[in-house]
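Here the sequence shown is numbered in my numbering, starting from 417 and rising by one per residue.
Here a beta-carbon is modelled for each residue, glycine too, at the ideal position from N, C-alpha and C.
Accompanying notes for the structure given below.
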Amino acid sequence: MSEKIRVMLADDHPVLRAGVKFLLHTDPQFKVVAEAGDGEETIRLLEQVPVDVLIIDLAMPRMGGLQCIKEIKARGIPVRIVVFSMYGDEHYIKEVMQAGALAYVEKEAVDTELLAAVKTAFQGQLYLNRNKVQPLLRFLLSGQQQQQQDPFQLLSNREREVLRLIVKGYSLTEIGQLLSLSVKTVETYKARLMQKLGFSRKNQLIEYAFNHGLLDKTDL
């Protein structure tokens with residue numbers, strides 16, 4: 417290849433960006449041309465610097481990764497997108513791929529997978545790290561893909577209030593005090609919203625809130 421693949425890194429953790437940059441520069445095909453620590457900076461730099469492939473995290477301040485991908489597509493910025501996230505839930509993979517990402521790699525994947533993902537995305541093809549192909553296929557074939565309505569729209573106003581307070585770090589007791597509800601009632605609301613969103617862990621709720629603009633890291 418005569419010209420290097422120009423890569424941009426978007427992640428709010430400088431140490432992680434440094435590690436990915438080092439990895440990419442072990443392959444002569446790549447050149448890191450820009451780095452960003454939040455979603456807004458990512459958009460700004462993409463409009464200033466020619467980039468072939470963007471490697472982006474999902475949970476970033478001032479604009480989550482999913483929102484950032486949608487904004488990139490809305491502005492018609494010609495860049496191939498690789499999502500590099502610590503979360504591997506099929507919900508997230510489906511959403512970011514539908515939004516326009518070409519590749520999804522978990523941060524726990526081996527180094528060679530990220531390199532392969534960047535090369536594949538650069539060619540305009542789809543890529544998933546190997547351990548996610550079968551789970552995603554099962555998820556899509558389960559019929560859940562037929563659900564056209566955003567699960568957030570299924571939440572009642574009270575469930576949305578409880579969700580926002582949970583992801584901001586309030587305890588169930590504190591939420592009960594703020595909303596004038598018993599702890600048992602708050603637990604019921606939490607169980608319902610977790611079921612509707614299809615999640616079982618709090619970190620999934622936090623990631624969902626970031627990606628859907630319900631929460632910024634400055635709120636934590």
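Checklist line | Meets three-Cβ-pair contact criterion under 8 Å: the region 455 to 471 and the region 604 to 617 | finding: no
Checklist line | Residues that DSSP places opposite V498 in a beta bridge | finding: Sequence index remark: in the sequence shown, residue 498 carries index 82 (1-based). DSSP, once it has assigned bridges, lists I471 and A519 as partnering V498.
Notebook entry, point to check: To which residues of the same chain is L581 closer than 6 Å at the C-beta, ignoring the five residues directly before and after it?
Noted result: The residue given as residue 581 occupies position 165 in the sequence shown. Excluding positions up to five away in sequence, the list reads I591.
Notebook entry, point to check: In whole angstroms, what is the alpha-carbon distance linking V431 and M502?
Noted result: Here residue 431 is taken as the residue at index 15 of the sequence shown, counted from 1. Here residue 502 is taken as the residue at index 86 of the sequence shown, counted from 1. Their backbone Cα atoms lie some 15 Å apart in a straight line.
Margin query: Let me check understanding here. Comparing Cα to Cα, which of E529, K523, G481 and T528 lies closest to A517?
Written below: Taking the first residue of the sequence shown as position 1, residue 517 is located at position 101. The option with the nearest alpha carbon to A517 is G481.
Notebook entry, point to check: Roughly how many angstroms separate the alpha carbons of F500 and I471, rounded to a whole number?
Noted result: Here the question's residue 500 lines up with position 84 in the sequence shown. Here the question's residue 471 lines up with position 55 in the sequence shown. Between F500 and I471, the C-alpha separation is close to 6 Å.
Next item on the list: Throw me the rounded Cβ distance for the L440 and V423 pair, which I believe falls under 8 Å.
Entry: Here residue 440 is taken as the residue at index 24 of the sequence shown, counted from 1. Here residue 423 is taken as the residue at index 7 of the sequence shown, counted from 1. That belief holds up - the Cβ atoms of L440 and V423 are roughly 6 Å apart, short of 8 Å.
Item checked: T604 versus A532 - alpha carbon distance -> Translated into the one-based positions of the sequence shown, residue 604 becomes position 188. Translated into the one-based positions of the sequence shown, residue 532 becomes position 116. Roughly 44 Å separates the two Cα atoms.
Check: What does a CB cutoff of less than 8 Å around V534 pick up in its chain, not counting 5 residues either side in sequence?
Finding: The residue you call residue 534 lines up with position 118 of the sequence shown. For V534, where only same-chain residues beyond five positions count, the Cβ hits under 8 Å are I421, V423, L440, F446, V469, I471, V498 and A519.
Check: Per DSSP, K447 forms a beta bridge with which residues?
Finding: The residue you call residue 447 lines up with position 31 of the sequence shown. The partner list for K447 (beta bridge, DSSP) reads R422.
Item checked: Counted within 10 angstroms of its Cβ, other Cβ atoms place G492 as buried (16 or more) or exposed -> In the sequence shown, residue 492 corresponds to position 76, counting from 1. Around the C-beta of G492, fewer than 16 other C-beta atoms lie within 10 Å, and the residue is accordingly described as exposed.
Margin query: Quick check on the DSSP output: the alpha helix (DSSP H) that includes M610 runs from which residue to which?
Written below: Numbered from its first residue, the sequence shown carries residue 610 at position 194. M610 -> alpha helix (DSSP H) spans V599 to L613.
Check: What residue range is occupied by the uninterrupted alpha helix (DSSP H) comprising Q620?
Finding: Numbered from 1 along the sequence shown, position 204 holds the residue referred to as residue 620. Unbroken alpha helix (DSSP H) run through Q620: K618 to N627.
Note to self: Alpha carbons only, please: which of A426, K606, H429 and V449 is nearest the one belonging to N573?
What the structure shows: Residue numbering aside, residue 573 sits at position 157 when the sequence shown is read from its first letter. Per the Cα distances, K606.
Item checked: With 16 other Cβ atoms within 10 Å as the buried cut-off, status of Q562 -> The residue given as residue 562 occupies position 146 in the sequence shown. Interpretation of Q562 is limited by its pLDDT of 49, a score under 50 that renders its predicted location unreliable; no figure is taken from the coordinates.
Item checked: Bridge partners - L544, DSSP secondary structure assignment -> Taking the sequence shown and counting its residues from 1, one reaches residue 544 at position 128. Beta-bridge pairing links L544 to Y520.
Checklist line | Of the listed residues A475, C484 and T442, nearest to R460 (C-alpha basis) | finding: For the purposes of this step, residue 460 is identified with residue 44 of the sequence shown, where counting begins at 1. Answer by Cα proximity: C484.
Next item on the list: Reducing DSSP to helix, strand and coil, say where A452 ends up.
Entry: If you number the sequence shown from 1, residue 452 lands on position 36. Note: A452 maps to strand in three-state DSSP.
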